[in-house]
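**Q**
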Amino acid sequence: MDKTLYVSDLDGTLLNRQSRLSKFTLEALNRLLREGMLFTFATARSWHSAREVASGLSPVLPWVVHNGAFVVDGVTGGRRWEEFFPPEQRELVLAAGEELGLHPLAYAVIDGQERVLYLEEGGPRHPGMERYLSKRKGDRRLLPVKSPQELLREKAYYFTFIDDQERLAPLWERVRGLKGLNITFQRELYREEYYLEITPRRATKACAALRLKEDLGCDRLVAFGDAMNDLPLFAAADESYAVENAMPEVKAAATGIIGSNQEDGVARFLLEQMGKTEGMG
320 MDKTLYVSDL DGTLLNRQSR LSKFTLEALN RLLREGMLFT FATARSWHSA REVASGLSPV
380 LPWVVHNGAF VVDGVTGGRR WEEFFPPEQR ELVLAAGEEL GLHPLAYAVI DGQERVLYLE
440 EGGPRHPGME RYLSKRKGDR RLLPVKSPQE LLREKAYYFT FIDDQERLAP LWERVRGLKG
500 LNITFQRELY REEYYLEITP RRATKACAAL RLKEDLGCDR LVAFGDAMND LPLFAAADES
560 YAVENAMPEV KAAATGIIGS NQEDGVARFL LEQMGKTEGM G
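Under our numbering, the final residue of the sequence shown carries the number 600; numbering is consecutive throughout.
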């Protein structure tokens, strides 16, 4: 019998519109995990953020976070694999942003700890950036800096620019041709602002999932998602399923379409796959 690894996106896929695991999904997944199903998730979130929204889910397997920049222990957050920007790439990205008056959230490992650097004084911030920072008041990872040059850190692994689509589009045009990068440009889920997210070439959900598949000795990879940053994962998977609320491009790339994130689509699909629908409502 084939040994299968199941990997799901979080926001818009496994999580509902309230960015939570429903009671049904949580109970279903924990039941399946107890019975030996190999399931984990791959998300753009950090371990700290994923831990909050996945509270109650048994962390049996490592988690893929920061879109694949890290694979971490779900309990401790300890990094098992990590990918950082080569010096030239991080300098080119920040220089391109600086020319357009755009400064990112720069994620880096400093003295062994994950930090999120941002420019403390650089003119008015986009409301989306203000919202990001205000929601994380008291987060010890946040590190304000005085100059754009201080955003350049040796172990940088993730840049996120938050602004209007019209402001970010010229930057996207400049950086999308650079080698050694993965770039996702899309609207924030349930919001108006756009995110331009940039990671090192091998920092993808796909690369991380394939490494997990190999480490676990699995024969097949089955993926679930809803957004553009899930497309590489879909391409790497043996089967891929888009939730009903997924973007049209994601549905077009999928093996099939399942119930929406509001309908516990992933959990119900997995229960059916494992023949465990009895007594689950």
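Where is the CB? At the ideal position from N, CA and C, for every residue including glycine.
With DSSP as the reference, identify every bridge partner of ALA624, one or two as the case may be.
**A** Nothing about residue 624 can be reported from this structure: the residues present for the chain run from 320 to 600 only.
**Q** Kindly indicate which residue of LEU540, GLU591, ARG587 and TYR509 has the alpha-carbon position closest to the one of MET566.
**A** The residue with the shortest Cα to Cα distance from MET566 is TYR509.
**Q** Evaluate the contact criterion for the stretch 500-520 versus the stretch 454-463: three or more CB pairs, one atom per stretch, below 8 angstroms.
**A** No, they do not touch.
**Q** Just list the alpha helix (DSSP H) runs in the stretch 516-593, keeping only unbroken ones of 4 residues or longer that don't cross its boundaries, in chain order.
**A** Those alpha helix (DSSP H) runs which fall completely within the stretch 516-593 and span 4+ residues are 524-535, 550-555, 567-572 and 584-592.
**Q** Using a 10 Å radius around the Cβ and a threshold of 16 neighbouring Cβ atoms, would you call VAL394 buried or exposed?
**A** By the neighbour-count rule (16 or more Cβ atoms within 10 Å), VAL394 is not buried but exposed.
**Q** If we ignore side chains and look at the alpha-carbon of each, how far apart do VAL464 and ASP557 end up?
**A** Spanning the two alpha carbons is a distance of roughly 44 angstroms.
**Q** Quick check: the Cα distance between PRO378 and GLU439, rounded to an integer number of angstroms?
**A** If I take the Cα positions, the gap works out to 36 angstroms.
**Q** Would you tell me roughly how many angstroms separate the C-alpha atoms of ARG539 and GLU469, rounded to the nearest one?
**A** Using only the alpha carbons, I get a separation of about 43 angstroms.
**Q** To test your reading of the DSSP string, which unbroken beta strand (DSSP E) runs of 3 or more residues are found completely within the stretch 378-430?
**A** The qualifying runs are 382-384, 389-391, 398-401 and 424-429.
**Q** Looking at the secondary structure, which residues open and close the alpha helix (DSSP H) in which PRO489 lies?
**A** 484-494 is the span of the alpha helix (DSSP H), which, as asked, contains PRO489.
**Q** Checking 8 angstroms against the spacing of the C-beta atoms, do PHE480 and LEU487 come in under that value?
**A** It is a contact, given that the beta carbons lie within the stated cut-off.
**Q** Would you mind sorting ARG495 into buried or exposed? The rule is 16 or more other CB atoms within 10 Å of its CB.
**A** Under this definition ARG495 is an exposed residue.
**Q** Assuming TRP400 contacts ALA527 (C-beta within less than 8 angstroms), just tell me the rounded distance between them.
**A** The Cβ separation is near 7 angstroms, so the contact holds.
**Q** GLU533: which of ALA555, ASP483 and GLN408 sits nearest, CA to CA?
**A** The shortest Cα separation from GLU533 among ALA555, ASP483 and GLN408 belongs to ALA555.
**Q** In chain order, what residues of the same chain lie with their CB nearer than 7 angstroms to the CB of LEU334, ignoring the 5 residues before and after it?
**A** For LEU334, where only same-chain residues beyond five positions count, the Cβ hits under 7 angstroms are LEU340, VAL372 and ASN580.
**Q** Less than 8 angstroms between the CB atoms is what I'm expecting for THR523 and PRO551, so what's the real figure, rounded?
**A** THR523 to PRO551, Cβ: 5 angstroms. Contact.
**Q** By a C-beta neighbour count over all protein chains shown, 10 Å radius and 16 as the cutoff for buried, is GLY331 buried or exposed?
**A** Counting Cβ neighbours within 10 Å, GLY331 comes out buried, since at least 16 surround it.
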